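With the first letter of the sequence shown counted as 1, position 43 gets the number 61 in the numbering used here; the numbers rise by one all the way through. By construction, the Cβ of each residue, glycine as well, lies at the ideal position given by its N, Cα and C atoms. Every value quoted in this text rests on a predicted model; they were computed, and no experiment measured them. Worksheet: one structure, shown below.
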Amino acid sequence: MKYRVLILPLIFLLLIGGCRSKETTKAAEPSVKKKAAGAETGKPEEVYLLLQSELKLAKEKKVYLVIDIPNREILLKLGGVTVWNDPIKIDPAGDSDSLKDFARKFTDGNKVFIRPVIDKHLYAASDKSSDSVLKIVSEVVRAKIDLMQRVIPERFEILWANDLLLDIRTDVPGKPPSKFKNTVVELQHALQRPFGESHVVIRMNADQAITLYRVAERGLPTLIYPGN
């Protein structure tokens, strides 16, 4: 009887301790999730800089391009809201590790998250795109259909400073506007490649490529989510 009196309070204390342990575990879960959400770019100051970079672009109320490396996606945003997106599909002609190198060069050690487009080049395109597709594009870029280029790109490039290059290819057969210029551009890339040019080759649906080609003018702000 004497031992029973001592054991009962002990069992009671163990039960209370077990409940408190579960509560502590549940309370810690949100903290772990927060850390996981910010782990994509590493250090807290880098996460903060990335968030501030996008906030700046969202406030400008202009279309900007986002390259999301962790989710392998390209997006166009306006005021922070996605108005167009497409998955990043590395073309067989490209290197599967090229995205990591692209992110590293783009951020320059997680110090730069925004770069403007400095140029684009159309290698080949078909003559005309449908009005239904142009209507969608015009809504994204806020331009009149009759003022837009009616071409479907077969292949085009988007370029940024620091020798960054996104090479977009579709399944639409097209004709080159200038074979000579294509040769010159290819030669320039061949000369740059040994010095660290980052060249990502992706495959895209033709209708999606029309939007990206039309929007990717010089000066288009481009934000990158670099990931780990």
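Contact between Ile87 and Ile242 holds: CB atoms are separated by about 7 Å, below the 8 Å threshold.
Counting C-beta atoms within 10 angstroms of its own C-beta, Pro110 has fewer than 16 neighbours from the protein chains shown and is therefore classed as exposed.
In terms of Cβ geometry, Ile186 and Leu140 do not form a close pair [threshold 8 Å].
Beta-bridge annotation (DSSP): Pro105 is paired with Glu91.
DSSP, read as helix, strand or coil, puts Glu215 in coil.
In the structure shown, Ser116 adopts helical secondary structure according to DSSP, grouped into three states.
A distance of 8 Å or more separates the beta carbons of Val135 and Ala227. Rounded to the nearest whole angstrom, the C-alpha separation of Leu75 and Leu238 is 11 Å.
In the structure shown, Leu205 adopts helical secondary structure according to DSSP, grouped into three states. Cβ contact annotation for Pro194 (same chain, cutoff 8 Å, sequence separation greater than five): Tyr141, Ala142, Asn200, in chain order. Counting only residues of its own chain and dropping the five nearest sequence neighbours on each side, Arg90 has a CB closer than 7 Å to the CB of Pro105, Ile106. Only residues of its own chain outside the window of five on either side were considered, and among them Asn180 have a CB closer than 8 Å to the CB of Asp126, listed in chain order. Beyond the five residues adjoining it in sequence on each side, Val169 comes within less than 6 Å, by CB distance, of Ala143 in the same chain, given in chain order.
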